[in-house]
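The opening residue of the sequence shown carries number 1 in the working numbering; numbering runs sequentially from there.
Ideal Cβ placement from N, Cα and C applies to all residues, glycine included.
This report concerns only the one structure given below.
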Amino acid sequence: MVYIDLTPFEQPIKTAAAKLKSDTGAATKAATDLTNLSKSLTTASNQHKADADKLQGNWVGEKGTTFGDRAKEKTVALDDASTWADKTAQSINDATTLIQQAEKEVQDLLREFDGDAHAVAAGVPEKDPGALAQAKAIIAGMASKYAKEAADVVNAAKGRLAEIVSNMGSTHPSSTGSDNGGSLGSRSSASGPGASSGGDVPSTGPVHLTPPSDQYGSGTKVKLPDGSTVEAPNERAAIAVRAALSRLGLPYVWGGTDPNKGMDCSGLTQWSYGQAGVHIPRTAATQTVGQKVSLNDIQPGDLIIWSGHVAMYIGNGQMVEEPHTGSVCHVVPLRTTNAGEPLLGVFRPSA
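Here it is in structure tokens:
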């Protein structure tokens, strides 16, 4: 058997594995602390409700009603904070599991490559330079294939992590007694049914599950919720826009792909383009398909994509999106910022 040094061939795979190294112990501790916090907040909420019920029993009239309303607000705030802590802990656990699984996949690829490479080397006769050169060429080709698979694992993990981080950033405990400020996916108001009312308060309009065929136009024409009409670059884009608009009011569901029960941001865009016969990847960061266009050339149906969020431009300076947990599909003014996430660009899947 001829010895072939596999170190240079292994290096790209090992580099991919190194990108997945992290302090998962610290993350696990943070998740545990948040879980304990959630339990403590739930206990505090139950105690607060019990104490408030006792006190309110001694009051009658308007003051008693006012006290009861305020006490309920505080109970809801404690419950919301408990839910936030629990969901954040779950997100951290999901991220930790994701990293560990991705690292295992890359290590498995490395072991598989080593096994295949050793098998090739074992078949090379001694003192046969030609056979040795051919074996090295075969191993180099194998290494390239395995390195690409390892890179794909890393990139997929990065995309999924970006979505988890995005959802962690958009999930927050509510505060009582004050107006809600703007947050991820909800910058300002937009007119028409299903539009956001501004800040963090979503529309609660009905879900249009079976809209009339002409509700949002036909052909390349798209009738927007505000009554205006725009023209898409082609009929596929127009169908995608009309499909997305037909989900106005649909609840945001993280990881959701059900057009009747709930979807997340990339679930909405994937489903909408699917109605037009255009199949795009599942997650936001991987939907950078089709033609990349300048923001100045944006047209209805184009996707505005960040590292962990995606929205669809519908025309007239507006876009439709599934924003975040606790909200619904709505129309908002076009924007290029999203909670500090890097903008990957504007893409036209229908091109």
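Spatial neighbours of residue i within its chain, please: C-beta separation below 6 Å, excluding the five flanking residues on both sides.
{"i": "W271", "result": "P259"}
{"i": "A285", "result": "G159, A162 and S307"}
{"i": "Y273", "result": "A240, I280 and P349"}
{"i": "A134", "result": "Note on identity: in this sequence residue 134 is Gln, with Ala being the wrong assignment. Here the set comprises nothing."}
{"i": "G290", "result": "F347, R348, P349 and A351"}
{"i": "P12", "result": "A147"}
{"i": "L295", "result": "V346"}
{"i": "V293", "result": "V346 and R348"}
{"i": "E149", "result": "L109"}
{"i": "S45", "result": "T75, L78 and D79"}
{"i": "N338", "result": "W306 and H309"}
{"i": "I4", "result": "A121"}
{"i": "G315", "result": "V230 and P300"}
{"i": "T66", "result": "none"}
Identify, in the order they occur along the chain, each residue of the same chain with its Cβ nearer than 7 Å to the Cβ of residue i, setting aside the five sequence neighbours on each side.
{"i": "A85", "result": "L34, L37, S38 and L41"}
{"i": "T283", "result": "G159, R160, E163 and S266"}
{"i": "G262", "result": "L250, P251, Y252, V253 and G256"}
{"i": "P8", "result": "none"}
{"i": "T43", "result": "none"}
{"i": "D264", "result": "Y252, V253, W254, G255, G256 and E322"}
{"i": "G115", "result": "none"}
Any idea what DSSP makes of residue i, helix, strand or coil?
{"i": "I305", "result": "strand"}
{"i": "D128", "result": "coil"}
{"i": "F9", "result": "helix"}
{"i": "E231", "result": "strand"}
{"i": "L343", "result": "strand"}
{"i": "K221", "result": "strand"}
{"i": "R160", "result": "helix"}
{"i": "R70", "result": "helix"}
{"i": "R348", "result": "strand"}
{"i": "K14", "result": "helix"}
Indicate whether residue i and residue j have their beta-carbon atoms separated by less than 8 Å.
{"i": "E322", "j": "L248", "result": "no"}
{"i": "A131", "j": "V124", "result": "yes"}
{"i": "A117", "j": "L6", "result": "yes"}
{"i": "P333", "j": "L303", "result": "no"}
{"i": "V328", "j": "S266", "result": "no"}
{"i": "A157", "j": "L98", "result": "yes"}
{"i": "H48", "j": "T15", "result": "no"}
{"i": "F113", "j": "E231", "result": "no"}
{"i": "L344", "j": "T257", "result": "no"}
{"i": "T28", "j": "T88", "result": "no"}
{"i": "A71", "j": "A52", "result": "yes"}
Using C-beta distances below 8 Å, list every residue in its chain close to residue i, excluding the 5 sequence neighbours before and after it, in chain order.
{"i": "T229", "result": "G217, K221, V222 and K223"}
{"i": "Y313", "result": "I298, Q299, P300, G301, D302, L303, I304, M319, L334 and V346"}
{"i": "L20", "result": "I99, A102, E103, V106, V154 and A157"}
{"i": "E341", "result": "A162, S166, W306, S307, G308 and H309"}
{"i": "I138", "result": "V120"}
{"i": "S213", "result": "Any reading at S213 needs caution, since the residue's pLDDT is 44, under 50, leaving its predicted position unreliable; the model's value is listed next. There are no such residues."}
{"i": "A140", "result": "F9"}
{"i": "K127", "result": "none"}
{"i": "G317", "result": "P333 and L334"}
Report, in whole angstroms, the separation of the C-beta atoms of residue i and residue j, which I expect to be a contact under 8 Å.
{"i": "Y331", "j": "P225", "result": "The sequence given here has Val at residue 331, not Tyr. The pair is a contact, with the Cβ atoms about 6 Å apart (cut-off 8 Å)."}
{"i": "A17", "j": "E103", "result": "6 Å"}
{"i": "W254", "j": "T325", "result": "6 Å"}
{"i": "A31", "j": "N93", "result": "5 Å"}
{"i": "R242", "j": "G277", "result": "Actually they are not in contact, since the Cβ atoms of R242 and G277 sit about 14 Å apart, beyond 8 Å."}
{"i": "A244", "j": "G219", "result": "Rounded, the Cβ-Cβ distance is 17 Å, inconsistent with contact."}
Sorry if obvious, but does the Cβ on residue i come closer than 7 Å to a heavy atom of the ligand FMN?
{"i": "P8", "result": "The ligand FMN is not part of this structure, which contains no ligands at all."}
Taking 8 Å as the CB-CB cut-off, is residue i touching chain C?
{"i": "V320", "result": "Absent from the structure: chain C. Only one protein chain is present."}
Original post:
Could you give the uninterrupted runs of the alpha helix (DSSP H) lying entirely in the region 250-330, keeping only those of 4 residues or more?
Top reply: 265-275
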